[in-house]
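Asker: In order, the protein sequence lines correspond to chains D and C. For the first sequence, the numbering used here begins at 12 and goes up steadily by one. For the second sequence, the numbering used here begins at 12 and goes up steadily by one. Cβ atoms here follow ideal geometry from the backbone N, Cα and C, with glycine treated the same way. All of these numbers come straight from a predicted model, not from anything done at the bench. Quick one: this structure, given as structure tokens, is what I'll be asking you about.
There are 2 protein chains.
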Amino acid sequence: MRILVIEDEIKVANFIKKGLEEEHYAVDTALDGESGLYMSEVNDYDLIVLDLMIPKIPGLDVLRRIRSNKNKVPILVVTAKHSAEDIVKGLDSGCDDYLTKPFEFKVFLARVRALLRRERVDAEPILKLADLILSPVTHRVTRGGKEIELTSKEYGLLEYFMRNPNKVLTRTMISEHVWDYHFDSMTNVVDVYVNYLRKKIDKGFEPKLIHTIRGVGYILSPDRP
Amino acid sequence: MRILVIEDEIKVANFIKKGLEEEHYAVDTALDGESGLYMSEVNDYDLIVLDLMIPKIPGLDVLRRIRSNKNKVPILVVTAKHSAEDIVKGLDSGCDDYLTKPFEFKVFLARVRALLRRERVDAEPILKLADLILSPVTHRVTRGGKEIELTSKEYGLLEYFMRNPNKVLTRTMISEHVWDYHFDSMTNVVDVYVNYLRKKIDKGFEPKLIHTIRGVGYILSPDRP
DNA sequence: CTTCTATAACGAGAATTCTCATCTGCAATT
DNA sequence: AATTGCAGATGAGAATTCTCGTTATAGAAG
């Protein structure tokens with residue numbers, strides 16, 4: 012597995028390189044955006060680790076230009092910036108995961124492994140419906156610009172809805188996707204979670220997005236009577 | 012998708028056939044073990060639904076004989092028998108899932124879909140280590156013949172251990188397999204669950220099976236100082 | 001052998017997930 | 001329009017999962 016690390020702080024770059032090499036990855040480093048971009052073009056990497064704060068070409072531009080080359084290599088963004096704005100821009104520009112510095116090396120390694128293993132998600136990294144926005148990478152959700160906190164099951168349910176908008180989803184379909192297959196449909200957990208979700212994403216907002224189709228299931232749609 | 016239903020009660024057989032056909036499966040029915048076995052040999056099914064209480068050749072024998080033909084078709088056993096013994100025998104004989112009658116049709120359908128989708132598990136359906144036995148299909152665990160109740164995370168952790176016996180597993184390996192990849196290893200959940208598991212499968216039993224490898228992780232092994 | 005330090009075990013309580021019983025309201029029928 | 005039966009909504013509480021702070025212990029160093 013070949014990995015490119017684009018990072019200007021030499022200490023950090025070497026630390027990452029050394030750590031990855033101990034795990035038997037072949038690692039190249041680039042100390043600025045220009046050389047990083049160049050290396051990404053001439054070599055075929057399995058993963059690129061990209062710092063956003065780098066000289067010559069800013070990280071986000073490197074990201075965009077790698078993607079505009081139709082290069083689908085997984086990119087793990089590493090950034091000291093905590094602001095949601097930068098992260099969202101990163102996601103919009105096509106990074107696959109991100110980590111804010113400082114990070115524990117084992118957390119970093121876990122993400123690297125995950126990205127190398129993960130089947131490429133060619134879909135756009137942001138899902139939108141009306142003013143509801145969901146980012147599958149960060150599991151972050153906003154409606155009308157307001158951040159909405161969801162638990163992990165609630166998130167899973169919403170993501171499934173967002174991936175199938177304007178389509179009626181039966182309880183069976185939902186339970187098979189959001190829960191696992193041994194799921195026992197005797198209970199009404201799905202209803203309960205739809206209820207939880209409604210309280211968080213529809214209550215206090217217009218239009219309502221989750222609608223009940225009596226006798227069939229539920230639908231996520233902005234234009235419904 | 013072609014499905015064979017081996018079931019002697021004509022009413023039940025027709026009910027299942029009709030229901031599956033509504034879902035666009037092609038369904039054949041056999042009313043006894045002999046014809047069922049014969050049909051399984053001459054045709055190539057994607058799934059077999061097998062009642063255990065059938066005339067001519069008992070269900071369990073049909074199951075064993077299908078398997079002894081090296082036929083790996085998924086088999087969903089349907090049985091009125093509630094006794095653990097029959098179910099365990101069924102699993103030992105190579106069925107992939109089972110349902111006890113009476114069942115809700117939608118539950119049945121969910122299982123059918125799951126089996127048709129599932130990648131074939133060629134491994135033996137029972138995992139053993141010393142007197143600890145785990146059945147991945149039913150998620151049932153016993154030690155020294157005594158049934159042990161595990162929650163789903165505890166079960167997941169134990170299954171991972173049982174699939175990798177006598178091998179040191181790091182916390183990272185565990186968290187990536189038992190939890191999902193966005194898992195944040197800042198916390199000690201893994202330790203906590205190992206602790207829960209020890210209380211259930213080691214406390215009051217000898218030898219101890221879960222051992223700590225200081226600085227590395229944990230190992231499941233019957234012979235350790 | 002004793003002390004020290006890093007690592008693991010554990011307890012307690014918070015948050016999430018799930019179950020179940022009851023309530024509400026739609027829509028079919030009279 | 002009123003009745004009724006049933007699907008869905010909801011509240012309450014149980015079970016599970018997770019977090020975090022404290023205590024215990026192994027192994028290294030003195």
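Distance cutoff 8 Å, beta carbons only. Does Thr-183 (chain C) sit that close to anything in chain D?
Answerer: Mapped onto the second sequence, residue 183 (chain C) falls at position 172. So yes, Thr-183 (chain C) belongs to the interface.
Asker: For Glu-160 (chain C), decide whether its Cβ has a neighbour in chain D, counting only Cβ atoms nearer than 8 Å.
Answerer: As a position in the second sequence, residue 160 (chain C) is number 149, starting the count at 1. Glu-160 (chain C) does not count as touching chain D.
Asker: Is Ala-41 (chain C) helix, strand or coil when you go by DSSP?
Answerer: Locating residue 41 (chain C) in the second sequence gives position 30, counting from the first residue. Note: Ala-41 (chain C) maps to strand in three-state DSSP.
Asker: Using the C-alpha atoms, what's the distance from Ile-144 (chain C) back to Glu-170 (chain C)?
Answerer: The residue you call residue 170 (chain C) lines up with position 159 of the second sequence. The residue you call residue 144 (chain C) lines up with position 133 of the second sequence. Approximately 10 Å between the Cα atoms of the pair.
Asker: Grab the span of the beta strand (DSSP E) containing Ser-146 (chain D) for me, first residue to last.
Answerer: Indexing the first sequence from 1 puts residue 146 (chain D) at position 135. Segment 143-146, the beta strand (DSSP E) holding Ser-146 (chain D).
Asker: For chain C, find out if any of its Cβ atoms is closer than 8 Å to the Cβ of Ala-134 (chain D); answer yes or no.
Answerer: Counting from one through the first sequence, the residue named residue 134 (chain D) turns up at place 123. Low confidence applies here, because Ala-134 (chain D) scores a pLDDT of 48, under 50, leaving its location unreliable; read the following figure in that light. For Ala-134 (chain D), the answer is no, since every Cβ of chain C falls outside 8 Å of its Cβ.
Asker: Rounded to whole angstroms, what's the CA-CA distance from Val-201 (chain C) to Leu-180 (chain D)? Just pull it up for me.
Answerer: Locating residue 201 (chain C) in the second sequence gives position 190, where the first residue counts as 1. Locating residue 180 (chain D) in the first sequence gives position 169, where the first residue counts as 1. In a straight line, the C-alpha of Val-201 (chain C) is about 35 Å away from that of Leu-180 (chain D).
Asker: Helix, strand or coil for Lys-157 (chain D)? Go by DSSP, reduced to three states.
Answerer: One-based indexing of the first sequence puts residue 157 (chain D) at position 146. DSSP places Lys-157 (chain D) in strand when its eight states are reduced to three.
Asker: Under the three-state reduction of DSSP, which class applies to Ala-134 (chain D): helix, strand or coil?
Answerer: As a working note, residue 134 (chain D) is residue 123 in the first sequence. For Ala-134 (chain D), the predicted structure reports a pLDDT of 48, less than 50, and the residue's modelled location is therefore unreliable. A value from the coordinates is still provided. In the structure shown, Ala-134 (chain D) sits in coil (DSSP, three-state: anything other than H, G, I, E or B).
Asker: With DSSP run on the structure shown, which of helix, strand or coil describes Leu-127 (chain D)?
Answerer: Taking the first sequence and counting its residues from 1, one reaches residue 127 (chain D) at position 116. Three-state DSSP puts Leu-127 (chain D) in a helix.
Asker: To the nearest angstrom, how far is it from the Cα of Lys-112 (chain D) to the Cα of Phe-172 (chain C)?
Answerer: Counting from 1 along the first sequence, the entry for residue 112 (chain D) is found at position 101. Counting from 1 along the second sequence, the entry for residue 172 (chain C) is found at position 161. Near 33 Å, if we compare the C-alpha coordinates of Phe-172 (chain C) and Lys-112 (chain D).
Asker: Starting from the beta carbon of Glu-187 (chain D), find every residue of chain C whose beta carbon is closer than 8 Å, and list them in chain order.
Answerer: What you label residue 187 (chain D) is simply residue 176 of the first sequence in a count that begins at 1. Result: Ala-121, Arg-124 and Ala-125.
Asker: In terms of residues, what are the limits of the alpha helix (DSSP H) holding Asp-62 (chain D)?
Answerer: The residue you call residue 62 (chain D) lines up with position 51 of the first sequence. Looking at the DSSP string, Asp-62 (chain D) is not in any alpha helix (DSSP H); the run it does join, the beta strand (DSSP E), is 58-62.
Asker: Hey, could you find the ends of the beta strand (DSSP E) Val-227 (chain D) is sitting in?
Answerer: Indexing the first sequence from 1 puts residue 227 (chain D) at position 216. Premise fails: Val-227 (chain D) is in no beta strand (DSSP E) and is neither H nor E.
Asker: From D:Lys-67, D:Asp-19 and D:Arg-124, pick the residue whose C-alpha is nearest to that of Met-184 (chain C); which is it?
Answerer: Within the second sequence, the letter at position 173 stands for residue 184 (chain C). The shortest C-alpha separation from Met-184 (chain C) is found at D:Arg-124.
Asker: Tell me whether the beta-carbon of Leu-138 (chain C) lies closer than 8 Å to the beta-carbon of Pro-147 (chain C).
Answerer: To locate residue 138 (chain C), count along the second sequence from 1; it is residue 127. To locate residue 147 (chain C), count along the second sequence from 1; it is residue 136. The answer is yes: Cβ separation under 8 Å.
Asker: Buried or exposed: where does Val-205 (chain D) fall if 16 or more other Cβ atoms within 10 Å of its Cβ makes it buried?
Answerer: As a position in the first sequence, residue 205 (chain D) is number 194, starting the count at 1. Flag for Val-205 (chain D) reads buried.
Asker: Short check: CB of Phe-119 (chain D) to CB of Leu-110 (chain D), under 8 Å?
Answerer: Within the first sequence, the letter at position 108 stands for residue 119 (chain D). Within the first sequence, the letter at position 99 stands for residue 110 (chain D). Going by C-beta atoms, Phe-119 (chain D) is nearer than 8 Å to Leu-110 (chain D).
Asker: Rounded to whole angstroms, what's the CA-CA distance from Lys-67 (chain D) to Leu-48 (chain D)? Just pull it up for me.
Answerer: If you number the first sequence from 1, residue 67 (chain D) lands on position 56. If you number the first sequence from 1, residue 48 (chain D) lands on position 37. For Lys-67 (chain D) and Leu-48 (chain D), the distance between alpha carbons rounds to 11 Å.
Asker: Are the CB atoms of Ile-77 (chain C) and Ile-65 (chain C) within a distance shorter than 8 Å?
Answerer: Against the second sequence, residue 65 (chain C) aligns to sequence position 54. Against the second sequence, residue 77 (chain C) aligns to sequence position 66. Not a contact, by the Cβ cut-off of 8 Å.
Asker: Alpha carbon to alpha carbon, what distance is there between Pro-233 (chain C) and Val-203 (chain C)?
Answerer: As a position in the second sequence, residue 203 (chain C) is number 192, starting the count at 1. As a position in the second sequence, residue 233 (chain C) is number 222, starting the count at 1. Cα-Cα distance, rounded: 21 Å.
Asker: Measuring CB to CB, does Glu-165 (chain D) end up less than 8 Å from Leu-231 (chain D)?
Answerer: The count along the first sequence starts at 1 and reaches residue 165 (chain D) at position 154. The count along the first sequence starts at 1 and reaches residue 231 (chain D) at position 220. Result no, Cβ atoms of Glu-165 (chain D) and Leu-231 (chain D) do not sit closer than 8 Å.
Asker: My assumption, with CB atoms under 8 Å, is that Leu-74 (chain D) sits in contact with Leu-61 (chain D). Please give the rounded CB distance.
Answerer: In the first sequence, counting from the first residue as 1, residue 74 (chain D) sits at position 63. In the first sequence, counting from the first residue as 1, residue 61 (chain D) sits at position 50. With a Cβ gap of about 6 Å, Leu-74 (chain D) and Leu-61 (chain D) count as contacting.
Asker: Taking buried to mean at least 16 other C-beta atoms within 10 Å of its own C-beta, is Gly-215 (chain C) buried or exposed?
Answerer: Stepping through the second sequence from its first residue, residue 215 (chain C) is reached at position 204. With fewer than 16 other CB atoms across the displayed protein chains lying within 10 angstroms of its CB, Gly-215 (chain C) is exposed.
Asker: How far does the beta strand (DSSP E) with Val-16 (chain C) in it reach, from first residue to last?
Answerer: As a first step, residue 16 (chain C) is located in the second sequence; it is residue number 5 there, counting from the start. Where Val-16 (chain C) is concerned, the enclosing beta strand (DSSP E) stretches over 13-17.
Asker: If you draw a straight line from the C-alpha of Arg-225 (chain C) to the C-alpha of Arg-182 (chain C), how long is it?
Answerer: Stepping through the second sequence from its first residue, residue 225 (chain C) is reached at position 214. Stepping through the second sequence from its first residue, residue 182 (chain C) is reached at position 171. Each residue's Cα considered, the two are about 11 Å apart.
Asker: Return the CA-CA distance between Ala-24 (chain C) and Glu-32 (chain C), expressed in angstroms with no decimal places.
Answerer: As a working mapping, residue 24 (chain C) is identified with position 13 in the second sequence. As a working mapping, residue 32 (chain C) is identified with position 21 in the second sequence. If I take the Cα positions, the gap works out to 12 Å.
Asker: Assign Ala-121 (chain D) to one of two classes, buried (16 or more other C-beta atoms within 10 Å of its C-beta) or exposed (fewer than that).
Answerer: Position 110 of the first sequence, counted from the start, is the residue given in the question as residue 121 (chain D). That one is buried.
Asker: Is it buried or exposed for Glu-217 (chain C), if we count other Cβ within 10 angstroms and need 16 for buried?
Answerer: Here residue 217 (chain C) refers to the residue found at position 206 of the second sequence. By the 10 Å Cβ count, Glu-217 (chain C) comes out exposed.
Asker: Alpha carbon to alpha carbon, how far is Thr-153 (chain D) from Asp-72 (chain C)? Give it in angstroms, no decimals.
Answerer: Along the second sequence, one-based indexing puts residue 72 (chain C) at 61. Along the first sequence, one-based indexing puts residue 153 (chain D) at 142. If I take the Cα positions, the gap works out to 57 Å.
Asker: By DSSP, does Thr-181 (chain C) sit in helix, in strand, or in coil?
Answerer: For this step, residue 181 (chain C) is matched to residue 170 along the second sequence. Reduced to three states, the DSSP call for Thr-181 (chain C) is strand.
Asker: Measure from the alpha carbon of Phe-100 (chain C) to the alpha carbon of each residue in C:Asp-142, C:Pro-136 and C:Asp-57, then state which is nearest.
Answerer: Within the second sequence, the letter at position 89 stands for residue 100 (chain C). Residue identity check: residue 100 (chain C) is Lys in the sequence provided, not Phe. Between Lys-100 (chain C) and the set C:Asp-142, C:Pro-136 and C:Asp-57, the nearest pair of CA atoms involves C:Pro-136.
Asker: DSSP on Leu-208 (chain D), reduced to helix/strand/coil?
Answerer: Locating residue 208 (chain D) in the first sequence gives position 197, counting from the first residue. It is helical.
Asker: Just grab the DSSP bridge partners of Lys-139 (chain D) for me.
Answerer: Counting from 1 along the first sequence, the entry for residue 139 (chain D) is found at position 128. According to DSSP, Lys-139 (chain D) bridges with D:Ile-144.
Asker: When you compare only the Cα positions, how much space is there between Met-50 (chain C) and Phe-116 (chain C)?
Answerer: Mapped onto the second sequence, residue 50 (chain C) falls at position 39. Mapped onto the second sequence, residue 116 (chain C) falls at position 105. Distance between the alpha carbons of Met-50 (chain C) and Phe-116 (chain C) is about 24 Å.
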